[in-house]
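This report refers to the structure that appears directly beneath it.
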Amino acid sequence: MLFKIILWSARILGALVIIFLLFMTIGELFTDSNTTAISNSDVIALLLFPGSTIIGLLLAFKWKGIGGLITVGGMILLHIIRPDLASSALISAFAIPGLLYIIYSVWSKN
456 MLFKIILWSA RILGALVIIF LLFMTIGELF TDSNTTAISN SDVIALLLFP GSTIIGLLLA
516 FKWKGIGGLI TVGGMILLHI IRPDLASSAL ISAFAIPGLL YIIYSVWSKN
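Printed below as a string of structure tokens:
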């Protein structure tokens, strides 16, 4: 019973995170803002968040452990590359569904 609660919590939260991040990413790509040249660390940061978060959560619907690891691993790498973002709990909260998928994957194997 607990496994199903963890799994469905991860699925629902993951779907909400995917919808929100896609909405924000697509909206940001199509705005008419003046963009300046961005640094390499900013490009990598964009690949890690929201890129790895979206990809990891999409994969987690089929492969729970792998998707969770991609999501959480991408968030950890983001905080290593951009430590200024580590103080934002909101950005870190997007990894919660990935963490739930990892917990489900590990506990359900035993």
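Quick note: to get this note's numbering, add 455 to the position in the sequence shown (first position is 1). Heads up, the beta-carbon is just placed ideally off N, CA and C, and yes, glycines get one too.
- Under the three-state reduction of DSSP output, Lys459 falls in the helix class.
- Taken atom to atom, the span from the alpha-carbon of Thr486 to that of Met456 is near 45 Å.
- Fewer than three beta-carbon pairs drawn from the region 511-529 and the region 537-548 are found closer than 8 Å, and the two stretches are therefore not classed as touching.
- Per DSSP, reduced to three states, the secondary structure at Arg466 is helical.
- Annotated three-state conformation of Ala500 is helix, per DSSP.
- In this structure, DSSP gives Trp562 a helical state, which the three-state scheme calls helix.
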